[in-house]
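Residue numbers (our numbering): 13 to 367. In this text, a Cβ means the ideal position worked out from N, Cα and C, and glycines have one as well. Worksheet: one structure, shown below.
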Ligand SMILES: NC(=O)c1ccc[n+]([C@@H]2O[C@H](COP(=O)([O-])OP(=O)(O)OC[C@H]3O[C@@H](n4cnc5c(N)ncnc54)[C@H](O)[C@@H]3O)[C@@H](O)[C@H]2O)c1
């Protein structure tokens, strides 16, 4: 089977990772073109990974060999860059945030219709090993019916000072980590969103972007998803906490072990009633000795999370492009992330969002 000839536009911090990980299996992918506005960066990256180099996006897109264009430019250009690449006949893998404005959202919806099977979205943190393990535990029913999901990305006191903290460049944590947490939260919610509440703040960043994000989603199934992204937590809390009606699961920011406490699957609740008489002298609790099972499980595979999510997205994209296997990140799911982001922006008009 012919390997996929690919190119990367934007070889900064993350585009370089795409060059590296997509090039690892030469049977699947071959890097043929790299584009960046910065000639020095371009020559460093092409010297390392190969491929023809371009400083002009239109010339890059005119490369006849390239089948797949990975777009890892600045966030505010993503949707328009995807439009240009699709118009040039390329398949596109688009970095998050896939869109930054209401216009981007409309454009992406239109492109999705216009170019079926050609546009893929890079919500790569769907493939975090701990997240995958947690979903398996939920599917086994150990937690019972889910009630509350909390996902918190805590960055300690990180006074991030690059363009990703400037709103005029498409920064702010709603755009930086927001797409990843919203994608994971929506997967766990597993129902249409009925309500969105949010409050965003700028606490420590030297830029004007949001560096503390709080979003609550309520699903049609009454499950509540609470998301928090913060650069201003000195004592980081757990990354993920899930309450079900038979147990609780949690794992930390390092995502190496999952702590579980759940009721013995054989246990059924005995009947109980709440007494309306005086409380004094009586037990407050119908069941004092519950048959708990408590475990700490190692996350598997035990691997570098960043490498793992990149390799997973490369493999899934290859399966989709060459094997016709549906890509696990459905476009409607990624577009829902942008729709909710737009609601959050409207609820937080104290920020000067890009229009
Ligand atoms: N999926 C993930 O896990 C993940 C992680 C980090 C970053 N990202 C996303 O990747 C994107 C890039 O982030 P980064 O940290 O690598 O930023 P960066 O500033 O390090 O890199 C961006 C690069 O794009 C180049 N560029 C900009 N416009 C261009 C154009 N028109 N033509 C050619 N090159 C152009 C710049 O010169 C720069 O080298 C962001 O949108 C970010 O949200 C995704």
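- Are the beta-carbon atoms belonging to residue 102 and residue 77 less than 8 Å from one another? Going by C-beta atoms, residue 102 is not nearer than 8 Å to residue 77.
- Cβ of residue 61 versus every heavy atom of ligand 1: is any distance shorter than 7 Å? Residue 61 Cβ: outside cutoff for every heavy atom of ligand 1.
- Item | Residue range of the beta strand (DSSP E) that includes residue 294 | Per DSSP, residue 294 lies in no beta strand (DSSP E) and is assigned neither H nor E.
- In the DSSP assignment, find the beta strand (DSSP E) that holds residue 261 and state where it starts and stops. Looking at the DSSP string, the run of the beta strand (DSSP E) that includes residue 261 is 259-263.
- Task: With DSSP collapsed to three states, give me the class of residue 357.
- Result: In the structure shown, the three-state DSSP call for residue 357 is helix.
- Is the distance from the Cβ of residue 313 to the Cβ of residue 275 below 8 Å? Between residue 313 and residue 275, the CB-CB gap reaches or exceeds 8 Å.
- Task: With a cut-off of 8 Å on the beta carbons, I'd call residue 10 and residue 177 a contact; round off their distance for me.
- Result: Residue 10 is absent from the model: the chain starts at 13 and stops at 367.
- Could you tell me which of 19, 337, 359, 260 sits nearest to residue 129, measuring between CA atoms? Residue 337 is the option with its Cα nearest to residue 129.
- Item | Any non-hydrogen atom of ligand 1 closer than 7 Å to residue 23 Cβ | In this structure, the C-beta of residue 23 approaches ligand 1 to less than 7 Å from one of its heavy atoms.
- Message: Quick check: the stretch 248-256 against the stretch 148-162, are at least 3 beta-carbon pairs closer than 8 Å?
- Response: Using a Cβ-Cβ distance cut-off of 8 Å, the stretch 148-162 and the stretch 248-256 are in contact, since at least three pairs of beta carbons, one from each stretch, lie closer than that value.
- Identity of the residues DSSP links to residue 209 by a beta bridge: Residue 209 is bridged by DSSP to 228.
- Could you pull out every residue in the same chain whose Cβ sits closer than 7 Å to the Cβ of residue 50, ignoring the five residues on either side in sequence? There are no such residues.
- Task: Give the DSSP-derived three-state secondary structure of residue 15 in the structure shown.
- Result: Three-state result, residue 15: coil.
- Straight-line CA distance for residue 261 to residue 146? For residue 261 and residue 146, the distance between alpha carbons rounds to 8 Å.
- Task: Classify residue 316 as helix, strand or coil using the three-state DSSP reduction.
- Result: Residue 316 falls in the coil class under three-state DSSP.
- Query: Taking the continuous alpha helix (DSSP H) assigned at residue 60, which residues delimit it?
  - Reply: 51-61 is the span of the alpha helix (DSSP H), which, as asked, contains residue 60.
- Message: Taking the straight line between their C-alpha atoms, what separation do you get for residue 369 and residue 301?
- Response: The structure shown does not extend to residue 369, since the chain is modelled only from 13 to 367, so the question has no answer here.
- Query: Bridge partners of residue 47, per DSSP?
  - Reply: Beta-bridge analysis with DSSP links residue 47 to 21, 66.
- Task: Return helix, strand or coil for residue 270, following the three-state DSSP convention.
- Result: In this structure, DSSP gives residue 270 an extended state, which the three-state scheme calls strand.
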